[in-house]
Amino acid sequence: MEGEFLIEGKSLLSLIIIVYNFNLTKMKNFIINTTLIIIAVIIYGCDKPAPTELINDVSDGEQLEYEILTNDLNENNVSRGTDTSGIMQDFKGLRNIISVSGIKITNQNHTVEFCLAQGFFFDWTQPVYYSNERLLGYKTIIPGIMKFDNNLARIVPYKVRFRDRGEFQDSVLGNKFILYRSKSGVGDPFWFEYGSPVSFEFQPVSGEPVTFDIPTLKEITGTVQLRGNSSDKNLEAVLEWNETEGKRVWLVLGVIRPGQMSSLPVYRFGVKDRNKLIIPKRFFNELQLQNFNKLVFTFIRSIEKMERHGEINLFVSSQNIHSIVIDIP
């Protein structure tokens, strides 16, 4: 399918599933890619039009709000775990993005934790197009230096992977700012403290420095209980998480094909002021689960805001993320 787009070889929200014998580089790429997708999902839910309208569904006597992220699970479209929902292209509408993330991934009762801080400055005078002249995105620039909690962010290539005319292509569209660290202590001298603000500083090449605090929320921790099985077509999931602090929580359901590390996000559920959601069996019955071997449930708690400082406008996103990978029964 022409127009599929993957950032940072990436592709929460194409969720990349963790395999625990990954080496450090693969684990690092996993978390970076996962966070970029999640940022896209969060941005997607703020003030941008969705690919499909949100649907209110009455389930178990409660109103269930959900969004279909992917309508086509055809193997040709997801054979490499590519995000076919168009979520990534939402970056096109934002000139500058700053994000901080605390992330946990649980697989087979083992949890790993990471944190990530990133900065993107898009140059709208340098668009990049697919071969059919449809806009892919924009190149990036490095117009100064950036710090998170007084730690100087590194500058690394901003890589994209996209499919054009049926073929995957890799390209570098400039550079970005980044800090990464695992809870084990490997990585940059930066750590995301849940519930504590992250100080941010940007010193442009010319002009006054931009400084402010990025707020963070309480850590989110989810659990998933599956009931029934796919062969009997009675599979359903009970999702629970810690209190929401009155904030909206996004829950994303994805699927993974055997032998792959990327997942395809299919549904996104919006929940407010409660800490439990039952995903009814009809959602799973529509997924052709015989073609997949794992489910991914991602819990997202986030804050988004615009910071305007003179001519510099920054979209700021802070997210707490917990992804749980489960074999399909």
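For the sequence shown, numbering that gives the first Met the number 0 gives the first residue as 0, with consecutive numbering after it.
Think of the CB as a built atom: it goes at the ideal place given N, C-alpha and C, for glycine as much as any other residue.
In the three-state reduction of the DSSP assignment, residue 217 falls in the coil class, being assigned neither a helical nor a strand state. Rounded to the nearest whole angstrom, the C-alpha separation of residue 319 and residue 138 is 28 Å.
Within the same chain, and ignoring the five residues on either side of residue 215 in sequence, the residues whose Cβ sits closer than 8 Å to its Cβ are 99, 101, 191, 192, 193, 194, 195, 196, 197, 302, 317, 319. When DSSP states are grouped into helix, strand and coil, residue 291 belongs to the coil group. Between residue 155 and residue 172, the C-beta gap is not smaller than 8 Å, which leaves the two residues out of contact. CA-CA distance, residue 132 to residue 164, rounds to 12 Å. DSSP places residue 281 in the uninterrupted alpha helix (DSSP H) bounded by 280 to 284. Contact between residue 321 and residue 255 does not hold, since their C-beta atoms are separated by about 17 Å, which reaches or exceeds 8 Å. Excluding sequence positions up to five before and after residue 222, its CB lies within less than 8 Å of the CB of 238, 239, 240, 323, all in the same chain and listed in chain order.
Per DSSP, residue 236 is one residue of the beta strand (DSSP E) stretching across 235 to 240. The beta strand (DSSP E) runs of length 3 or more contained entirely in the stretch 120 to 198 are, from start to end of the chain, 134 to 139, 143 to 147, 153 to 163, 166 to 181. One alpha carbon belongs to residue 297, the other to residue 252, and they sit about 7 Å apart.
In the DSSP assignment, residue 324 falls within the unbroken beta strand (DSSP E) covering 311 to 326. DSSP, reduced to helix, strand and coil, places residue 301 within a strand of the structure shown. Here residue 268 is actually not in contact with residue 327; their C-beta atoms are around 19 Å apart, not less than 8 Å. The beta carbon of residue 224 sits closer than 6 Å to the beta carbons of 237 from its chain, once the five residues preceding and following it are set aside; these are given in chain order. By the neighbour-count definition (other C-beta atoms within 10 Å, threshold 16), residue 69 is a buried residue. Annotation: the continuous beta strand (DSSP E) that includes residue 262 extends over 262 to 271. Around the beta carbon of residue 305, fewer than 16 other beta carbons lie within 10 angstroms, which makes this residue exposed. Leaving aside the five residues that flank residue 111 on each side, the residues in its chain whose CB is nearer than 6 Å to its CB run, in chain order, 104.
In this structure residue 325 does not touch residue 276 by the C-beta definition: roughly 15 Å separates them, more than the 8 Å allowed. Per DSSP, residue 98 is one residue of the beta strand (DSSP E) stretching across 95 to 106. Apart from sequence neighbours up to five positions away, the residues of its chain that approach residue 146 with a beta-carbon distance below 6 Å are 200, ordered along the chain.
Remark: C-beta atoms of residue 118 and residue 211 do not approach each other more closely than 8 Å.
Around the beta-carbon of residue 180, 16 or more other beta-carbon atoms lie within 10 Å, marking it buried.
Assigned with DSSP and collapsed to three states, residue 68 falls in coil, not helix or strand. Here residue 265 is not near residue 250, since their CB atoms are 8 Å or more apart. Counted as a single uninterrupted DSSP element, the beta strand (DSSP E) harbouring residue 253 occupies residues 247 to 255.
Spanning the alpha carbons of residue 183 and residue 144 requires a straight line of approximately 27 Å. For residue 224, the beta-bridge partners assigned by DSSP are 237.
As the crow flies, the alpha-carbon of residue 273 is around 46 Å from that of residue 130. In the DSSP assignment, residue 232 is bridged to no other residue. Looking at the DSSP output, residue 203 sits in a beta bridge with 143.
DSSP places residue 118 in the strand class (E or B) of the three-state scheme.
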